[in-house]
Structures are given as C-alpha cells and as structure tokens.
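> Shown below is the structure under consideration.
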Amino acid sequence: MTTSPSPAPRPARGGIRARLLLVLLAIGAGGSFAGLEVRDRLHYVTETDARIRADLVTVSSRVAGWVTRIEVREGERLAPNAVLATIDDRESRLLVGQLESQVAALEADRARLAAERELVDLQTASRYETQRQALAAAEASVSALLAQLELARSELARAQSLRGSMVISAQQLDQARAAARRLDGEHRMAMAEREESLARLEEARAERARLTVLDREIEGLAHRRAELLGRIEQQKLDLADRVIRSPGAVVVDRLFVEAGEFVSPGQRIALVHDPEQVWVEANIKETQIRRLRLGLQVEVTVDAFPDEAFVGRVDNIGSSTTGSFALLPTPNPSGNFTKITQRLPVRIAVEQREQRLRPGMMVEVRIDVGDG
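Okay, so the sequence shown: first residue is 541 according to the working numbering, each after it adds one.
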C-alpha cells in the first residue's frame with residue numbers, strides 16, 4: 541500500500557510581500573545611487589588622488605667650511621632673513637683685515653706722494669718763473685746790444701770812409717773801431733748769457749716734468765686701491781655667505797646637516813617652504829580636460845580634516861602630461877601597444893587656514909564643470 545506525498549507548504553503571503561518590498565527598495569536605492577552617479581559624472585570632474593603642493597626651496601651653502609651652529613629646528617617658522625646656520629668665518633675675517641691693512645698702507649703712500657708733489661710744484665714753479673724772467677732779460681739785452689753794435693759798425697764804416705778823404709783824424713778812426721769792438725764783445729757776452737738762461741729754463745722745465753711722474757704714481761695707487769676695495773667687498777660677501785639665512789617667511793621642513801659637519805659650495809643645508817603659498821595639484825584624465833577651464837569652482841576635501849570644507853578654483857591647466865616628465869620614457873620599440881589614458885596636472889588655488897594645509901597631504905577634489 542503506497543502513501544501519497546504530502547503537499548509542500550505554501551509561503552505566507554506576508555513573507556512574499558516583505559521580500560517584494562525589499563526588492564523594490566533595493567531597486568529604488570540602486571536607481572537613486574545610479575542617478576546621483578550619473579549626475580555627478582555630468583556636472584563634476586572628480587579626482588581622489590590629489591595632493592597639497594608648495595614651492596619647496598632648498599637652502600644651500602655658497603662657501604665651504606665647518607658648520608659652527610644650527611640655529612633652527614625642523615617645523616620651526618622663521619621670519620624673513622632669519623639665521624638658519626653659521627659656517628666658520630675666522631679665515632675670512634683675517635683676509636678682510638689683511639686687505640684693509642693694505643688699503644691703509646696705500647692711503648699713506650698716496651698722502652706722501654701728494655705732499656711730495658705739492659712741494660715739487662712750489663719749488664719748481666718759483667725756479668721756472670725766475671729762469672723765464674732771466675731769459676727774457678737776456679734776450680732784451682741781446683736785442684739792445686745788437687742795435688748798438690749795428691750803429692757802431694755803421695759809424696766805423698763812415699769813419700773809415702772819411703779817413704780815406706782825410707776828413708777825420710786817425711785817432712777818431714781808432715775810437716770808432718774800439719767802440720765797435722767793445723759792443724761786439726758785449727753782444728757776444730749777452731748772447732752767451734741768453735743761452736745759459738735758456739739752458740736753465742729747460743732744466744727748470746725738466747724739474748716740472750717730475751710732477752707728471754708723481755701724478756702717474758698717484759693714479760697707479762688709486763687703481764690699486766680700487767682693486768683692493770673690490771677684493772674687500774668680495775671677501776665681505778664671502779663673510780656674509782657664512783651666515784645662512786631664510787629666503788623669506790618660511791617653515792623649516794628638513795635639516796640636512798648638523799653642527800660640526802663640513803659643507804661644500806652648493807651643498808644642501810635645509811628645505812623650506814612658504815606656508816601661505818600652497819595649492820592643490822590634481823592629475824586629471826586627458827579625456828576630461830576638455831571640460832575644464834580656468835576659474836571653475838572646486839570642492840576640496842582634505843583627508844586630514846574630513847569634516848571641514850575647503851573651496852578652491854582652477855588656477856592652471858598643465859600643458860604636458862605627467863608622462864612627459866618621466867625619467868624613463870617608454871618609446872615602445874617592440875611594437876606591442878597598450879593604450880593608457882594619460883593625465884595632465886591641474887593646479888587648484890586654495891586658501892590656507894592657520895597653516896593646516898601642508899605639502900604632501902592627500903585631498904579629494906570635485907570640480908564643478910556645470911555642463912550637464
């Protein structure tokens with residue numbers, strides 16, 4: 541005798557309705573989420589891998605030497621021109637002192653030559669003027685005696701003619717001849733005195749030429765002094781470079797040396813940045829770049845401050861993709877090709893708040909393109 545199977549229990553109507561309601565709610569929630577996702581994609585460009593950026597400045601040494609002191613700590617905020625570190629400056633100070641001593645010695649030599657020139661000028665000027673006047677007197681005497689000599693020679697010639705006619709006596713002829721000879725001798729003496737005066741004048745002029753020599757020596761000292769002053773300024777610059785100062789109002793991000801270390805020119809001392817000059821850099825897909833333009837409003841969410849809203853604007857759109865800056869380019873020589881969407885850096889200006897935004901912080905951006 542066979543027994544017939546019992547019929548399966550039917551689900552309660554209330555359970556079916558509950559399940560149907562859950563399915564409808566799930567479909568509604570999924571639809572709403574999908575709608576929001578579509579709306580976001582139409583009205584916004586988002587990027588979750590964005591970072592806070594700043595101009596990180598490397599402060600380096602321009603001179604070589606031992607670091608004597610480190611004046612700051614990492615994380616410390618500095619005023620403009622504040623001292624970061626000092627480098628041993630003893631040798632530099634000694635060189636400055638030596639050069640200043642050489643300048644002082646040149647000043648003394650220049651003063652001595654100037655006094656010597658003044659003395660030579662006074663002496664030679666008086667002597668030259670005296671010899672010039674003596675030459676003028678000698679020339680006047682020569683001119684006067686020449687006129688008298690010419691007259692005496694005329695008188696002698698007349699007397700010789702008259703004596704031939706027996707008009708005058710021999711004694712008168714002798715007197716005329718004697719007068720001519722006397723004046724001729726005086727004229728010759730005057731000529732000799734004039735030549736002597738001329739020679740003395742040339743000698744006095746030669747002594748005056750020593751003023752030119754002294755002037756050239758003084759000029760040479762002036763050039764030497766200018767050269768030494770230039771070397772002093774250069775050495776003072778070296779001395780000033782041994783005090784490493786901040787380039788502005790900055791925050792010390794990293795120190796690379798300690799007191800007692802030896803640094804070389806160009807070696808890094810510290811890494812700093814201006815805490816007020818920060819921005820957000822987001823690498824946006826090239827397929828979305830066409831939707832961006834300068835000035836668009838951006839919602840910025842900082843991972844460190846998730847409950848605080850920051851507002852920015854698009855400040856710059858990169859002109860090259862991030863792959864263009866890679867140290868190892870991929871020219872694809874094998875011919876195998878996989879197309880990868882490239883990204884372009886977009887700079888977003890954001891307002892700093894109490895220096896809480898720091899370089900390297902992760903942020904998310906939501907750019908309102910408004911072109912749905």
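Beta carbons: idealized from backbone N, C-alpha and C, even for Gly.
From this set, R593, A732 and V909, which residue's C-alpha is nearest Q895's C-alpha?
Stepping through the sequence shown from its first residue, residue 895 is reached at position 355. Nearest C-alpha to Q895: R593.
> From which residue to which residue does the beta strand (DSSP E) around R833 run?
Your numbering for residue 833 matches position 293 in the sequence shown. Element bounds for R833: n/a, residue is neither H nor E.
> Contact between the segment 799-814 and the segment 596-613 is defined here as three or more beta-carbon pairs at a separation below 8 Å; is this criterion met?
yes
> Using a Cβ-Cβ cutoff of less than 8 Å, which residues in the same chain neighbour R782 once the five nearest sequence positions on both sides are dropped?
Taking the first residue of the sequence shown as 1, we reach residue 782 at position 242. Cβ neighbours of R782 beyond the five flanking positions: V603, G605, T626, I627, D628, D629 and S632.
> What is the DSSP secondary structure of T881, counted as helix, strand or coil?
The residue labelled residue 881 in the question sits at position 341 within the sequence shown. T881: coil per DSSP, three-state reduction.
> Leaving out five residues before and five after A822 in sequence, what residues of the same chain have Cβ atoms less than 7 Å from its Cβ?
The count along the sequence shown starts at 1 and reaches residue 822 at position 282. Counting only Cβ-Cβ distances below 7 Å, and skipping sequence neighbours, we find E587, A590, V886, I888 and V905.
> Taking the alpha-carbon positions, what's the A644 to L754 distance?
Here residue 644 is taken as the residue at index 104 of the sequence shown, counted from 1. Here residue 754 is taken as the residue at index 214 of the sequence shown, counted from 1. Cα-Cα distance, rounded: 19 Å.
> Any chance you could list the beta strand (DSSP E) runs of at least 3 consecutive residues sitting entirely within the segment 675-753, in chain order?
none
> Alpha carbon to alpha carbon, how far is A716 from L691?
Taking the sequence shown and counting its residues from 1, one reaches residue 716 at position 176. Taking the sequence shown and counting its residues from 1, one reaches residue 691 at position 151. Approximately 10 Å, taken between the alpha carbons.
> Which ranges would you report for the beta strand (DSSP E) in the segment 773-806 if only whole runs of at least 3 residues count?
783-785 and 790-795
> For the segment 596-680, which segments carrying the beta strand (DSSP E) assignment without a break, of at least 3 residues, lie completely within its bounds, in sequence order?
597-600, 605-610 and 623-627
> Reducing DSSP to helix, strand and coil, say where A849 ends up.
Translated into the one-based positions of the sequence shown, residue 849 becomes position 309. Strand at A849.
> If we call anything under 8 Å between Cβ atoms a contact, is I528 one with R650?
This structure cannot speak to residue 528, because the chain is shown only from 541 to 912.
> Please report the residue range of the beta strand (DSSP E) in which A594 lies.
Taking the sequence shown and counting its residues from 1, one reaches residue 594 at position 54. Where A594 is concerned, the enclosing beta strand (DSSP E) stretches over Y584 to A594.
> First and last residue of the beta strand (DSSP E) that includes M902?
Position 362 of the sequence shown, counting from 1, holds the residue named residue 902. Element bounds for M902: M902 to D908.
> Please indicate yes or no: does the CB of L723 lie closer than 7 Å to some heavy atom of the ligand FMN?
In the structure shown, the ligand FMN is absent, as is every other ligand, since no ligand is present at all.
> Helix or strand or just coil, what does DSSP make of L561?
Residue mapping note: residue 561 aligns to position 21 of the sequence shown, counting from 1. Annotated three-state conformation of L561 is helix, per DSSP.
> Please classify R559 as buried or exposed, where buried requires at least 16 neighbouring CB atoms within 10 angstroms.
One-based indexing of the sequence shown puts residue 559 at position 19. Exposed: under 16 other Cβ atoms inside 10 Å.
> Expressed to the nearest angstrom, what Euclidean distance is found between the alpha-carbon atoms of V636 and V803?
Translated into the one-based positions of the sequence shown, residue 636 becomes position 96. Translated into the one-based positions of the sequence shown, residue 803 becomes position 263. Answer to the nearest angstrom: the Cα atoms are 22 Å apart.
> Rounded to a whole number of angstroms, what is the C-alpha to C-alpha distance between L834 and N856?
Looking up residue 834 in the sequence shown gives position 294. Looking up residue 856 in the sequence shown gives position 316. About 6 Å.
> For H813, write down the residues that DSSP places opposite it in a beta bridge.
Counting from one through the sequence shown, the residue named residue 813 turns up at place 273. Bridge partners of H813: V791.
> Here's the rule I'm using: 16 or more other beta-carbon atoms within 10 Å means buried, otherwise exposed. How should S786 be labelled?
What you label residue 786 is simply residue 246 of the sequence shown in a count that begins at 1. With 16 or more other Cβ atoms within 10 Å, it is buried.
> Please confirm whether T670 and R748 have their CB atoms less than 8 Å apart.
Position 130 of the sequence shown, counted from the start, is the residue given in the question as residue 670. Position 208 of the sequence shown, counted from the start, is the residue given in the question as residue 748. Against a cut-off of 8 Å, the Cβ pair of R748 and T670 comes out as no contact.
> Starting from the C-beta of A744, find all residues in its chain whose C-beta is less than 7 Å away, skip the five residues before and the five after it, and write them out in chain order.
Here residue 744 is taken as the residue at index 204 of the sequence shown, counted from 1. These residues qualify, in order along the chain: T664, R667, Y668 and Q671.
> Using three-state DSSP, classify A822 as helix, strand or coil.
Indexing the sequence shown from 1 puts residue 822 at position 282. Reduced to three states, the DSSP call for A822 is strand.
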